[in-house]
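**Q**
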Amino acid sequence: MAGSVPPALQLQDLTALEERHPDLVVEVAHPNIIHESGVQILRHANLLVGSPSALADQTTEQRLMEASNHWGHTVFVARGALWGSEDIRRLDEAGGLQSLRVTMATHPDGFRLEGSLAAAHSSGPRTVLYEGPVRGLCPLAPRNSNTMAAAALAAPSLGFDGVIGVLVADLSLTDMHVVDVELNAPPGPTGHCFTVHTHRENPAQPGAVTGSATVTAFWHSLLAGAEEGMSQAPEARPSPPSVYHERQRLELCAVHALNNVLQQRLFSQEAADEICKRLAPDSRLNPHRSLLGTGNYDVNVIMAALQGLGLAAVWWDRRRPLCQLALPKVLGLILNLPSPVSLGLLSLPLRRRHWVALRQVNGVYYNLDSKLRAPEALGDEDGVRAFLAAALAQGLCEVLLVVTKEVEEAGCWLNTS
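Counting with the UniProt record's numbering, you get residues 1 to 417 for the letters of the sequence shown.
1. Please work out which residues of its chain come closer than 7 Å, Cβ to Cβ, to Asp298, disregarding the five sequence neighbours upstream and downstream, and give them in chain order.
2. Using CA coordinates, which residue listed in Gln263, Ala305, His245 is at the minimum distance from Glu270?
3. I want to know whether the segment 252-261 touches the segment 274-285 - three or more CB-CB distances under 8 Å.
4. Roughly how far, in whole angstroms, is the beta-carbon of Ala154 from the beta-carbon of Ser85, given that I think they are within contact range, below 8 Å?
5. What do you get for Pro156, buried or exposed, if any count of 16 or more other CB atoms within 10 angstroms of its CB means buried?
6. Roughly how many angstroms lie between the CA atoms of Trp83 and Asn202, to the nearest whole one?
7. Can you check which of these residues, Phe160, Ile41, Leu414, Ala56, is closest to Cys323 by C-alpha distance?
8. Just the C-alpha distance for Ala236 and Cys138, rounded to the nearest angstrom, thanks.
9. When you compare the CB of Ala29 with every CB in chain B, is at least one pair closer than 8 Å?
10. Between Gly363 and the rest of its own chain, which residues show a CB-CB distance below 8 Å, the 5 nearest in sequence each way excluded?
11. Are Ala391 and Leu331 touching if we call contact CB-CB under 8 Å?
12. For Cys412, name the three-state secondary structure that DSSP assigns.
13. Return helix, strand or coil for Ser51, following the three-state DSSP convention.
14. Using the DSSP secondary-structure output, state which residues sit across from Val399 in a beta bridge.
15. From the DSSP output, read off the bridge partner residues of Pro203.
16. Output the boundary residues of the alpha helix (DSSP H) element that contains Thr60.
17. Could you check how far apart the C-beta atoms of Leu48 and Leu24 are, in whole angstroms? I think they sit under 8 Å.
18. Assign Ser53 to one of two classes, buried (16 or more other C-beta atoms within 10 Å of its C-beta) or exposed (fewer than that).
19. Can you tell me whether Leu100 is helix, strand or coil according to DSSP?
20. Does the Cβ of Pro6 have 16 or more other Cβ atoms within 10 Å, making it buried, or fewer, making it exposed?
21. Can you round the beta-carbon distance between Leu358 and Leu400 to whole angstroms, since I take them to be within the 8 Å contact cut?
22. Taking all protein chains shown into account, do 16 or more other C-beta atoms lie within 10 angstroms of the C-beta of Gln248, making it buried, or fewer, making it exposed?
23. Apart from the five residues just before and just after Leu91, which ones in its own chain have a Cβ nearer than 6 Å to its Cβ?
24. Counting along the chain, where does the alpha helix (DSSP H) carrying Asn367 start and finish?
25. Enumerate, from N- to C-terminal direction, the unbroken alpha helix (DSSP H) stretches of 4 or more residues contained entirely within the segment 272-296.
26. Once DSSP output is grouped into helix, strand and coil, what is the label at Gln40?
27. For Gly38, tell me which candidate among Ala67, Val166, Asp13 has the shortest Cα-Cα distance.
28. Compute the distance between the beta-carbons of residue 426 and Val166, then report whether it is under 8 Å.
29. Looking at Ala141: is its Cβ nearer than 8 Å to the Cβ of Leu100?
30. When the Cα atoms are used, what is the spatial distance from Leu325 to His245?
31. Sorted by chain position, which residues of the same chain lie with C-beta nearer than 8 Å to Arg20's C-beta, five sequence neighbours on each side aside?
32. Per DSSP, what are the beta-bridge partners of Thr210 in this structure?
33. Look up Asn144 in the DSSP assignment and say whether it is helix, strand or coil.
34. What is the DSSP secondary structure of Leu372, counted as helix, strand or coil?
35. Tell me the rounded alpha-carbon separation between Ala119 and Ser290.
36. So for Cys253, helix, strand or coil by DSSP?
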C-alpha cells in the first residue's frame, strides 16, 4: 500500500478494526485472511469474501455462519469471475442441475500451488494437474480455485463435493486464463440432456494469478452493491445458513430429507439406488423408485437407510393428540406431504408425494423442506406441534419419527402420562 494509499487510511492491525467503524470489509488477499480473521471482522462489519476457496473448509464456513448469526452481519461472496452464475443458481433452485464442471487453464507460472500439488510439473504442452471435487482442490490451489468455489456456492445442491474442478497447466497460455464451465440437466422426454458450455478467456499478465477482468468485476460488484445498500449486490450473495439444508434436485426429496434430518450428507442418489436393489434384487422394474432413474424413492428406502445407521423410523398415529409426542426423545421428523407439480413457471393441477425433514438445531426447530430456498424456523416445541397439526389437517400427510433403536424398543417417543 505504500505510495498508493495514504497512511491515515491504512490499517496495520485488524484488532483495531472497530475504531474505523466500517460497514463492509472486502477481502481480496488470501483465504487465510478468512480462516484467521473472518470471525473477528464479522463482529464489526459485513464481509465480502473475495477468496471463496476459504469456504471449502467446513469448519471455517460453520464459524463464519455462527458469527454472522450472532453479530447480525452478513457474509457475501463475490461471483463476478464466474460467467453465468445467476443462470446456474436458477437452474439449481429449480432442481434441474445434474452436474457442473469447471476447468481453469493457464501457464504454469500463473499457479500458486500448495501441498501435494506444489511439486507438480507439466509433463507436456498441456497437463491436467487436478481433476475431482472442488473441496479437495481448494486447499491445494487456494488462489487458483476461486472461480470453482464460486460455482460450488452457486449450486448448493451439488456443493463443494459435487462440483468437479479441473486445473490445467498449458504452456501456450502465457498471457491468458481460460475458464470452461460445463453443466448438464437430467435427460428430457427424448432422452437428451439440456447442456450448457461457456468458454471464457481472461487476459492476464505473464505469471499473474488474477486476470485483468477480475478486478473490474469486483469493482462493479461493489458499485452496484453500494447503490442497493449491499444487501442485494447482484454479484454477491449471502452464504448458506449454519443449519445444514440440501436443496431439491431431480426427484431426490427422500435423499435430501434423510441428509437434512441427520444434518450431514450421508446419502446420495447412488446409495439410495443401491438400497432399492437390496430391497428388490430380482425385480426388473424396481418398485421402490422412479422408472426414469430420477429418484422418487418410497418409504421403504428411507426406513432401510435409517436402519443401516442403527436408527429407526416410527409411524406416528395421526389419531393421537400431538401432546403425546415426546419430542425430546425424537431426533427428527420426516413428513410425506402432497406437493404441487410445476413445469417451469406453469403450475399444473397435479400433486405428487414429497418428503420433508423437520429437525431441532441449537434449541430451534426448523422446516428443512428441500424445496425451500433456506431453512424455515418453526420455533420451540409448540411451534413444531402447530406445524404438524396444520400438516396433518390436510388429510394426506404422514409423519415418521426418527429415533434411536433404544427409544423405539422402549416406546418412550410416546408420552402417555
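Even for Gly, the Cβ is constructed at its ideal location relative to N, Cα and C.
A quick note: this is a predicted structure, and the numbers were derived from the prediction, not measured.
**A** Inspection of the coordinates gives the following:
1. Your numbering for residue 298 matches position 298 in the sequence shown. Listed in chain order, the non-local C-beta contacts of Asp298 below 7 Å within the same chain comprise His288, local neighbours out to five positions each way being set aside.
2. Position 270 of the sequence shown, counting from 1, holds the residue named residue 270. Its Cα nearest to that of Glu270, the residue Ala305 stands out among Gln263, Ala305, His245.
3. By the Cβ test, the segment 252-261 is not in contact with the segment 274-285, since fewer than three Cβ pairs between them sit closer than 8 Å.
4. As a first step, residue 154 is located in the sequence shown; it is residue number 154 there, counting from the start. As a first step, residue 85 is located in the sequence shown; it is residue number 85 there, counting from the start. That belief holds up - the Cβ atoms of Ala154 and Ser85 are roughly 5 Å apart, short of 8 Å.
5. The residue labelled residue 156 in the question sits at position 156 within the sequence shown. By the neighbour-count rule (16 or more Cβ atoms within 10 Å), Pro156 is buried.
6. By one-based count along the sequence shown, residue 83 stands at place 83. By one-based count along the sequence shown, residue 202 stands at place 202. Between Trp83 and Asn202, the C-alpha separation is close to 11 Å.
7. Here the question's residue 323 lines up with position 323 in the sequence shown. With distances taken between Cα atoms, Cys323 lies closest to Leu414.
8. If you number the sequence shown from 1, residue 236 lands on position 236. If you number the sequence shown from 1, residue 138 lands on position 138. Confidence at Ala236 is low in this model, with a pLDDT of 38, below 50, so its placement is unreliable and the value that follows should be read with caution. When rounded, the distance between both Cα atoms is 20 Å.
9. Chain labels in this structure do not include chain B; a single protein chain is all it has.
10. As a first step, residue 363 is located in the sequence shown; it is residue number 363 there, counting from the start. Excluding residues within five positions, the ones whose Cβ falls inside 8 Å are Asp380.
11. The residue given as residue 391 occupies position 391 in the sequence shown. The residue given as residue 331 occupies position 331 in the sequence shown. Using a Cβ distance threshold of 8 Å, Ala391 and Leu331 do not count as a contacting pair.
12. The sequence position of residue 412 within the sequence shown is 412, counting from 1. In the structure shown, Cys412 falls within a coil segment according to DSSP collapsed to helix, strand and coil.
13. For the purposes of this step, residue 51 is taken as residue 51 along the sequence shown, with counting starting at 1. Ser51 falls in the coil class under three-state DSSP.
14. Here residue 399 corresponds to residue number 399 of the sequence shown, with the count starting at 1. According to the DSSP secondary-structure assignment, Val399 is paired through a beta bridge with Leu335.
15. Numbered from its first residue, the sequence shown carries residue 203 at position 203. BP columns for Pro203 point to Met176.
16. Stepping through the sequence shown from its first residue, residue 60 is reached at position 60. Note, Thr60: alpha helix (DSSP H), 58-71.
17. As a first step, residue 48 must be located in the sequence shown, where it is residue number 48. As a first step, residue 24 must be located in the sequence shown, where it is residue number 24. Indeed, because the Cβ distance is near 6 Å, the residues count as touching under 8 Å.
18. For the purposes of this step, residue 53 is identified with residue 53 of the sequence shown, where counting begins at 1. When all chains shown are included, Ser53 counts as buried.
19. Taking the sequence shown and counting its residues from 1, one reaches residue 100 at position 100. Collapsing the DSSP output to three states places Leu100 in a strand.
20. Locating residue 6 in the sequence shown gives position 6, counting from the first residue. Exposed, since its Cβ has fewer than 16 Cβ neighbours within 10 Å.
21. The residue labelled residue 358 in the question sits at position 358 within the sequence shown. The residue labelled residue 400 in the question sits at position 400 within the sequence shown. At roughly 10 Å, the Cβ-Cβ gap does not stay under 8 Å, so Leu358 and Leu400 are not in contact.
22. As a first step, residue 248 must be located in the sequence shown, where it is residue number 248. Burial state of Gln248 is buried, judged by a 10 Å Cβ sphere holding 16 or more other Cβ atoms.
23. The count along the sequence shown starts at 1 and reaches residue 91 at position 91. Exclusion of the five residues before and after Leu91 leaves Leu97 as the residues of its chain whose Cβ lies within less than 6 Å of its Cβ.
24. Along the sequence shown, read from residue 1 onward, the residue named residue 367 stands at position 367. Membership of Asn367 in any alpha helix (DSSP H) is not indicated; the residue belongs instead to the beta strand (DSSP E) covering 364-367.
25. Entirely contained in the segment 272-296, not one alpha helix (DSSP H) run reaches 4 residues.
26. Numbered from 1 along the sequence shown, position 40 holds the residue referred to as residue 40. In this structure, Gln40 counts as helix in the three-state DSSP scheme.
27. Counting from one through the sequence shown, the residue named residue 38 turns up at place 38. Considering only Ala67, Val166, Asp13, the residue with the shortest C-alpha distance to Gly38 is Ala67.
28. Since the displayed the chain opens at 1 and closes at 417, residue 426 lies outside it and no answer follows.
29. Working through the sequence shown from its first residue, we reach residue 141 at position 141. Working through the sequence shown from its first residue, we reach residue 100 at position 100. No. Outside cutoff.
30. Residue mapping note: residue 325 aligns to position 325 of the sequence shown, counting from 1. Residue mapping note: residue 245 aligns to position 245 of the sequence shown, counting from 1. A direct Cα-Cα distance of roughly 25 Å separates Leu325 from His245.
31. The residue labelled residue 20 in the question sits at position 20 within the sequence shown. Scanning its chain for C-beta atoms nearer than 8 Å, with the 5 sequence neighbours on each side dropped, one finds around Arg20 the residues Leu11, in chain order.
32. As a first step, residue 210 is located in the sequence shown; it is residue number 210 there, counting from the start. Answer is none; Thr210 lacks a bridge partner.
33. In the sequence shown, residue 144 corresponds to position 144, counting from 1. For Asn144, the three-state secondary structure derived from DSSP is coil.
34. As a working note, residue 372 is residue 372 in the sequence shown. Of the three classes helix, strand and coil, the one that applies to Leu372 here is coil, per DSSP.
35. Counted from its first residue, the sequence shown places residue 119 at position 119. Counted from its first residue, the sequence shown places residue 290 at position 290. Cα-Cα distance, rounded: 47 Å.
36. Taking the first residue of the sequence shown as position 1, residue 253 is located at position 253. Of the three classes helix, strand and coil, the one that applies to Cys253 here is helix, per DSSP.
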